[in-house]
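Visitor: Pasting a structure here, questions to come.
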Ligand SMILES: N[C@@H](CCC(=O)N[C@@H](CS)C(=O)NCC(=O)O)C(=O)O
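Residue numbers (the working numbering): 424 to 630.
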């Protein structure tokens with residue numbers, strides 16, 4: 424058995440954050456497929472045995488089980504000594520971007536992409552609201568990246584892996600990224616990190 428197990432599925436950008444970190448750290452890990460589209464995360468078994476919050480990702484490291492992508496990223500950075508903070512100021516800067524991500528970046532794009540590209544709801548007042556909110560957040564991130572290659576400075580950290588979780592899904596993203604050139608260059612920089620893989624090449628999908 425591999426050192427780490429990650430409960431995940433290919434379409435999950437939140438799980439991708441953890442999978443990408445594991446891969447870039449060259450960790451010995453294996454995915455455990457969760458059939459989200461068949462309702463597995465909503466079963467009493469999943470909630471009692473895997474994650475009371477009914478979500479992926481869940482990282483298992485021996486007797487330790489961790490949930491929430493931000494916590495998993497922080498744990499792996501500490502354990503592997505890579506992509507984490509070098510001092511207290513950096514630690515706060517990483518947290519600042521990860522909180523922003525969880526509240527105003529991933530939350531909007533994950534829901535928007537789910538509605539438009541996976542559930543195929545068509546355009547609704549909700550998708551219009553989410554698209555507008557995500558564009559506002561994208562503009563903030565684009566402005567920030569105009570001055571530096573990665574979110575907290577010159578090197579990639581877990582903050583980058585958190586915000587990029589949904590950004591590699593290509594045509595599944597229900598809005599163009601072209602108006603955000605600094606975001607596009609940042610994604611290219613992440614893509615060129617040794618070991619980078621697309622979410623669908625890292626995590627299993629429903630056959
Ligand atoms: N804040 C959580 C979000 C996790 C999340 O929303 N996971 C989704 C998949 S991307 C999920 O498992 N949803 C299951 C459900 O709602 O039933 C994190 O960062 O880990």
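Ideal placement from N, C-alpha and C gives every residue a C-beta, glycine not left out.
1) Considering just the uninterrupted stretch of the beta strand (DSSP E) at residue 589, what are its terminal residues?
2) Determine the direct distance from the alpha carbon of residue 464 to that of residue 627, and round the result to whole angstroms.
3) Name the DSSP beta bridge partners of residue 452, please?
4) If you draw a straight line from the alpha carbon of residue 550 to that of residue 597, how long is it in whole angstroms?
5) Alpha helix (DSSP H) containing residue 578: first to last residue?
6) Does the distance between the C-beta of residue 628 and the nearest non-hydrogen atom of ligand 1 fall short of 7 Å?
7) Relative to the C-alpha of residue 651, which residue among 446, 453, 485 is closest?
8) Can you tell which of 477, 540, 520, 504 has the C-alpha that lies nearest to the C-alpha of residue 434?
9) Quick one: what does DSSP say residue 482 is sitting in, helix, strand or coil?
10) Helix, strand or coil: how does DSSP classify residue 523 here?
11) Residues in the same chain with beta-carbon distance under 7 Å from residue 613, minus the five sequence neighbours each way, listed in chain order, please.
12) Check residue 489 in the structure and name its three-state DSSP category.
13) Assuming the contact rule is C-beta atoms closer than 8 Å, residue 479 and residue 457 should be a hit. Round their C-beta distance to whole Å, please.
14) If contacts are defined as beta-carbon pairs under 8 Å, then residue 527 and residue 560 qualify, I think. What distance do you get, rounded to the angstrom?
15) With DSSP as the reference, label residue 557 as helix, strand or coil.
16) State yes or no: is the C-beta of residue 459 nearer than 7 Å to some heavy atom of ligand 2?
17) Are the beta-carbon atoms of residue 529 and residue 436 separated by less than 8 Å?
18) Of all the options 499, 487, 425, 489, which has the alpha carbon lying nearest to the alpha carbon of residue 640?
19) Can you tell me the Cβ-Cβ gap for residue 591 and residue 621, rounded? I've got them flagged as a contact below 8 Å.
20) Compare the C-alpha of residue 553 against each of 604, 534, 507 and name the closest.
21) Check this for me: beta carbons of residue 488 and residue 481, under 8 Å apart or not?
22) Kindly identify the DSSP beta-bridge partner or partners of residue 573.
Guide: In short, the structure shows the following:
1) Membership of residue 589 in any beta strand (DSSP E) is not indicated, and neither H nor E is assigned to it by DSSP.
2) Rounded to the nearest angstrom, the two C-alpha atoms are 16 Å apart.
3) Its beta-bridge partners are 427.
4) Taking the straight line joining both Cα atoms gives about 10 Å.
5) Residue 578 -> no alpha helix (DSSP H), and no H or E assigned at all.
6) When distances are taken from the beta-carbon of residue 628 to the heavy atoms of ligand 1, even the shortest one reaches 7 Å or more.
7) For residue 651 there is no data in the structure shown, the boundaries of the chain being 424 and 630.
8) The candidate whose alpha carbon is nearest that of residue 434 is 540.
9) Strand.
10) Helix, per DSSP.
11) 579, 583, 587, 619, listed in sequence order.
12) Three-state result, residue 489: strand.
13) Their Cβ separation, rounded to whole angstroms, is 5 Å, which keeps residue 479 and residue 457 in contact under 8 Å.
14) Contact check for residue 527 and residue 560: beta-carbon distance about 5 Å, within the 8 Å limit, so the pair qualifies.
15) Looking at residue 557 - three-state DSSP - the assignment turns out to be helix.
16) You won't find ligand 2 in this model; what it holds is ligand 1.
17) Taking 8 Å as the Cβ cut-off, residue 529 and residue 436 qualify as a contacting pair.
18) Not covered by the structure: residue 640. The range shown for the chain is 424 to 630.
19) Confirmed, Cβ separation roughly 6 Å.
20) Distance from the Cα of residue 553 is smallest, within the candidate group 604, 534, 507, for 534.
21) Contact: yes.
22) Residue 573 pairs with 576.
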